[in-house]
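Structure first, commentary second.
There are 2 protein chains.
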Amino acid sequence: MKESKSKIANDPESVADRLHSAAIHLLRHVRRQDSATGLGPARLSALSVLVFGGAMSLKQLAAAEQVKPPTMSRIVDALQRAALIEIVGDEKDGRRILIRPTAKGTKLLHAGRRRRVAALAAQLKLLEVAEMETLFQATSILERVDRGWKEHS
Amino acid sequence: MKESKSKIANDPESVADRLHSAAIHLLRHVRRQDSATGLGPARLSALSVLVFGGAMSLKQLAAAEQVKPPTMSRIVDALQRAALIEIVGDEKDGRRILIRPTAKGTKLLHAGRRRRVAALAAQLKLLEVAEMETLFQATSILERVDRGWKEHS
DNA sequence: CGAATTAGTTAGCATAGCTAACTATATTGC
DNA sequence: GCAATATAGTTAGCTATGCTAACTAATTCG
């Protein structure tokens with residue numbers, strides 16, 4: 385016998401392939417909740433970074449969203465006109481701006497996030513306890529992978 | 385004592401929240417490989433559905449991509465002009481078109497997919513065997529969740 | 001102080017989403 | 001069997017989101 389337990393097709397390439405597909409399909413489903421926010425994907429995502437990451441400059445926000453400054457400039461403009469964020473001038477550096485979510489923006493984002501998470505949670509409730517445990521452990525591993533990823537690029 | 389083992393914060397809401405975040409971050413990283421394909425995200429994704437799902441009509445392809453027919457019509461037009469797909473008239477129904485990937489399109493998609501998966505696999509190679517095993521089991525669970533999801537909506 | 005660098009914006013282009021309106025083909029009903 | 005209806009796809013025109021190039025304003029450096 386080769387090995388006692390499940391050496392079957394769990395090499396990195398195979399797991400990466402299936403994990404990749406799973407992530408795509410998972411997000412495709414939860415994303416359908418977003419229309420209720422009245423915001424497009426780019427604006428919603430930028431607002432999310434601000435709510436969870438705190439106030440930051442336009443350049444930092446653009447980098448976080450993997451987008452160029454002109455693109456973020458327009459998104460910020462739209463979010464500001466919708467009163468979801470506010471712009472504060474930087475005391476130390478007159479060129480920089482500090483972008484931070486308003487109470488309205490924070491509330492809207494949390495509501496949207498709750499809808500997404502609830503849609504996923506509704507599916508997870510159908511799982512066995514042991515399966516939930518496996519997914520729980522998987523999230524911890526993936527969070528570590530993500531941290532390692534950020535360091536190297 | 386309340387419970388012997390890891391009842392700690394692995395309720396559906398909490399796991400859903402972390403899984404959701406993990407999926408976002410995972411895709412944000414692998415997506416950076418896509419510029420090498422020379423295609424935008426919508427075209428790449430539509431081509432992927434055709435390569436893995438086989439030839440289908442425009443309406444079916446639009447539904448698979450959660451997009452309206454006019455949007456898909458333009459994407460298909462661009463993919464055809466790039467010779468990555470070809471259009472065949474349906475024998476039974478003169479209104480329908482059958483869209484299928486060309487050899488060139490299939491090759492391009494697979495190359496792009498390999499780059500994405502390789503980027504993820506490179507990170508997974510740093511994990512312990514037991515962790516890979518956990519992720520492997522997680523993908524199986526998530527694939528089942530996805531199948532259940534498709535049925536109910 | 002002047003030159004180079006840096007932060008952000010503006011202009012202009014391509015892609016990607018939508019609805020409304022259109023064309024062409026199928027299906028239905030009398 | 002043909003008129004009415006339904007369905008598949010396209011076209012037109014709008015908004016949103018991505019880019020590069022070029023600009024303005026502020027900072028930093030020699």
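Going down the list, the protein sequences come from chains X and D. Quick note, our numbering runs 384 ahead of the 1-based positions in the first sequence. Quick note, our numbering runs 384 ahead of the 1-based positions in the second sequence. For glycine and all other residues, C-beta sits at the position ideal for the given N, C-alpha and C. All figures in this text were calculated on a predicted structure; none of them were measured in a lab.
Hey, would you say residue i sits closer than 8 Å to residue j, going by beta carbons?
i             : j             : result
residue 468/D : residue 526/D : no
residue 414/X : residue 413/D : no
residue 444/D : residue 499/D : no
residue 522/X : residue 455/D : no
residue 474/X : residue 465/X : no
residue 439/D : residue 484/D : yes
residue 396/D : residue 411/X : no
residue 529/D : residue 516/X : no
residue 446/X : residue 496/X : no
residue 401/X : residue 501/D : yes
residue 407/X : residue 407/D : yes
residue 429/X : residue 442/X : no
With a 10 Å radius around its C-beta and 16 neighbouring C-beta atoms as the bar for buried, classify residue i as buried or exposed.
i             : result
residue 510/D : exposed
residue 427/X : buried
residue 487/D : exposed
residue 472/X : exposed
residue 489/X : buried
residue 436/D : exposed
residue 460/D : buried
Helix or strand or just coil, what does DSSP make of residue i?
i             : result
residue 472/X : strand
residue 519/D : helix
residue 403/X : helix
residue 526/X : helix
residue 482/X : strand
residue 510/D : coil
residue 505/X : helix
residue 452/D : coil
residue 466/X : coil
residue 477/X : coil
Where are the beta strand (DSSP E) runs, 3 residues long or more, that stay fully inside the stretch 395 to 450 of chain D, in chain order? Within the stretch 395 to 450 of chain D, no complete beta strand (DSSP E) run reaches 3 residues.
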